[in-house]
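If you read the protein sequences in the order shown, they are chains A and B. Residue numbering for the first sequence is 4 to 232, as defined by the working numbering. Residue numbering for the second sequence is 4 to 232, as defined by the working numbering.
There are 2 protein chains.
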Amino acid sequence: MKQKVVMGLSGGMDSTTLLGFFLEHGYSVECCIFYYGSKHNQWENKAAQDVLDFYKDVGSLVKGRLINISQIMKGFKSNLLLSGGDIPEGHYHAENMRQTVVPSRNLIFASIMAGIAESIGAEKIALGAHQGDHHIYPDCRAEFIKSLDETICLSSDRKVEVICPFLKDDKTSILQYGYAFKIPVPYHLTRTCYKDQAISCGKCGSCQERLSAFSFLGIADPIQYAEAK
Amino acid sequence: MKQKVVMGLSGGMDSTTLLGFFLEHGYSVECCIFYYGSKHNQWENKAAQDVLDFYKDVGSLVKGRLINISQIMKGFKSNLLLSGGDIPEGHYHAENMRQTVVPSRNLIFASIMAGIAESIGAEKIALGAHQGDHHIYPDCRAEFIKSLDETICLSSDRKVEVICPFLKDDKTSILQYGYAFKIPVPYHLTRTCYKDQAISCGKCGSCQERLSAFSFLGIADPIQYAEAK
């Protein structure tokens, strides 16, 4: 029987590569697409759905469900949310990017995914956190993921564990994996931008980090940007 | 300035005593009342609201918010939920009570409370888990709470910690605390029963455990039961 995993699919390049990774390794994958009220949520949810449709069309064993937690996170303090201030521009590791931290976000995502995993008999939940996230986002760091794994193991009576295959990788390595899979990852369908606009801005920290990874590999980023790259 | 704490208020005798405990110790308390789709949810939510109103009426520094996560937990496997099988009758520690475990419930509650705490500047979140819960519910055991505390500390960059004042107590001790507070806990407004009925059944494991605690202390339980005690 195939191994089952429950993962968060944001529609960005990291989680889309994660989905490709699990399909490459023969898993059956349950994707959770979260709507939590961020400025870019409607756009990234659309990207996630497009990615899901792509993999379904090529016959992959993947399912998806949209999980709306925007009411729950109303009042949470973060510039990433519709209720917060402006998205900062500049480098992904700049101090002003801390304004985009959403308190408890990955913990809420993971705790819901753990409940789904236990209910459908999946032994793993997975997050797409990577090395580049560590500086700004406390809930993407290795020590958090390790502790989260222990907490979820205990909460589920050791029925569910947390894995994070890209934890030690940077965005460049993730791209390299994605282009090497038997079914190349559909990066043309992904979206990374933090801003509330249909076309990615190319200027926010998140866009900048993505563009650097493509540039480092000498590959043209297949998505459209509002600003010249 | 008063210390702030965010806690889950189910309307049962443990969490109501916990609320009394924090008010006794001079905290300002933010109560989260969760609607997650259990059979007894509408009845326990009403009890929680009554408890909240009681403390507000005597001038306590307490606020409450209802958090509906029933859509998120739809499809979770548990006999405690409206979608699950019958609530077992008998002893609280009996094996068939495992059917009432809701996967990831306390973890989901805690992760949402941690996000609220960070957003309103509270340094603590609290759960009412106690020793009597440990046998059946993995997400009430000391090792889980310890790991959860570490996970939430890391997730919040050490801004929020988890406390569980009754972790080593049984229900009898909790009752003793409650009756000793300056403002005695309004046990007449609480509700502990797992069944979907207005009047507590007196037969499910949860009712039985509560009745034992009152009986041990020689105090009459002030709520009404459908069955003779």
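Ideal placement from N, C-alpha and C gives every residue a C-beta, glycine not left out. Just so we're clear, the structure is a prediction, and the values are computed from it rather than from any experiment.
Between the CA atoms of residue j and residue i - distance to the nearest angstrom
| i | j | result |
| --- | --- | --- |
| residue 92 (chain B) | residue 103 (chain B) | 11 Å |
| residue 209 (chain A) | residue 174 (chain A) | 11 Å |
| residue 109 (chain B) | residue 42 (chain B) | 17 Å |
| residue 10 (chain A) | residue 111 (chain A) | 13 Å |
| residue 63 (chain B) | residue 21 (chain B) | 14 Å |
| residue 27 (chain A) | residue 171 (chain A) | 20 Å |
| residue 217 (chain A) | residue 14 (chain A) | 17 Å |
| residue 18 (chain A) | residue 30 (chain A) | 15 Å |
| residue 75 (chain A) | residue 39 (chain A) | 8 Å |
| residue 232 (chain A) | residue 203 (chain A) | Unreliable positioning characterises residue 232 (chain A) in this predicted model, as indicated by a pLDDT of 49, which lies under 50. A coordinate reading is not provided. |
| residue 121 (chain A) | residue 61 (chain B) | 43 Å |
| residue 159 (chain A) | residue 50 (chain A) | 32 Å |
| residue 47 (chain A) | residue 193 (chain A) | 8 Å |
| residue 198 (chain A) | residue 220 (chain A) | 25 Å |
| residue 107 (chain B) | residue 142 (chain B) | 7 Å |
| residue 80 (chain B) | residue 117 (chain A) | 12 Å |
| residue 190 (chain A) | residue 59 (chain A) | 16 Å |
| residue 23 (chain B) | residue 211 (chain A) | 51 Å |
| residue 105 (chain A) | residue 78 (chain A) | 11 Å |
| residue 96 (chain B) | residue 146 (chain B) | 19 Å |
| residue 144 (chain B) | residue 25 (chain B) | 21 Å |
| residue 114 (chain B) | residue 155 (chain A) | 12 Å |
| residue 176 (chain A) | residue 66 (chain B) | 48 Å |
| residue 223 (chain A) | residue 196 (chain A) | 17 Å |
| residue 123 (chain A) | residue 139 (chain B) | 21 Å |
| residue 178 (chain B) | residue 16 (chain B) | 8 Å |
| residue 201 (chain A) | residue 214 (chain B) | 59 Å |
| residue 98 (chain B) | residue 161 (chain B) | 38 Å |
| residue 228 (chain A) | residue 205 (chain A) | 6 Å |
| residue 266 (chain A) | residue 8 (chain A) | Lying outside 4 to 232, the shown extent of chain A, residue 266 (chain A) is not represented and no answer is given. |
| residue 45 (chain A) | residue 134 (chain B) | 44 Å |
| residue 4 (chain A) | residue 12 (chain B) | 42 Å |
| residue 90 (chain B) | residue 82 (chain B) | 6 Å |
For residue i: DSSP bridge partner residues
| i | result |
| --- | --- |
| residue 9 (chain A) | A:33 and A:128 |
| residue 203 (chain B) | B:228 |
CB contact below 9 Å: residue i versus chain E
| i | result |
| --- | --- |
| residue 222 (chain A) | Of the chains in the structure shown, none is chain E; the protein chains are A and B. |
>> Can you pull out the residues from the segment 148-161 of chain A whose beta carbon lies closer than 8 Å to at least one beta carbon of chain B?
In response: 150, 151, 153, 154, 155, 157, 158, 159 and 160
> So does the segment 140-153 of chain A actually touch the segment 34-46 of chain A, counting three or more Cβ pairs closer than 8 Å?
Replying inline: Three or more Cβ pairs closer than 8 Å define a contact, and the segment 140-153 of chain A falls short of that threshold against the segment 34-46 of chain A.
>> Quick check for students: name the residue ranges of the alpha helix (DSSP H) that lie wholly in the segment 89-165 of chain B, counting only runs of 4 or more.
In response: Scanning the segment 89-165 of chain B from its first residue to its last, the whole alpha helix (DSSP H) runs of 4-plus residues come out as 108-123 and 145-158.
> How about the segment 126-136 of chain B and the segment 161-168 of chain B: do they share at least three Cβ pairs that are nearer than 8 Å?
Replying inline: Three or more Cβ pairs drawn from the segment 126-136 of chain B and the segment 161-168 of chain B lie within less than 8 Å of each other, which places the two stretches in contact.
> What are the complete beta strand (DSSP E) segments, minimum 3 residues, inside the segment 18-96 of chain B?
Replying inline: Counting only runs of 3+ residues, the beta strand (DSSP E) found wholly inside the segment 18-96 of chain B occupies 31-38 and 65-71, in chain order.
> Name the residues in the segment 77-99 of chain A whose C-beta lies less than 7 Å from a C-beta of chain B; which are they?
Replying inline: Those would be 78, 79 and 80, in chain order.
>> Please identify, using Cβ separations under 9 Å, the residues of the segment 101-120 of chain A that lie next to chain B, in order along the chain.
In response: 104, 105, 106, 107, 108, 109, 110, 111, 112, 113, 114, 115, 116, 117, 118, 119 and 120
> Between the segment 67-80 of chain A and the segment 185-195 of chain A, do at least 3 Cβ pairs fall closer than 8 Å?
Replying inline: With a cut-off of 8 Å, the segment 185-195 of chain A and the segment 67-80 of chain A do not count as touching, because too few Cβ pairs lie within range.
> For the segment 129-143 of chain A, which residues have a CB atom closer than 7 Å to at least one CB atom of chain B, in sequence order?
Replying inline: 141 and 142
>> Any contact between the segment 80-90 of chain B and the segment 48-60 of chain B? By contact I mean 3 or more CB pairs, one from each, below 8 Å.
In response: no
> Between the segment 57-72 of chain B and chain A, which residues of the former have CB atoms less than 8 Å from a CB of the latter, in chain order?
Replying inline: 70, 71 and 72
>> Counting only Cβ-Cβ distances shorter than 9 Å, please list the residues of the segment 35-53 of chain A near chain B, keeping chain order.
In response: none
> According to a CB-to-CB cut-off of less than 7 Å, which residues of the segment 6-21 of chain A neighbour chain B?
Replying inline: none
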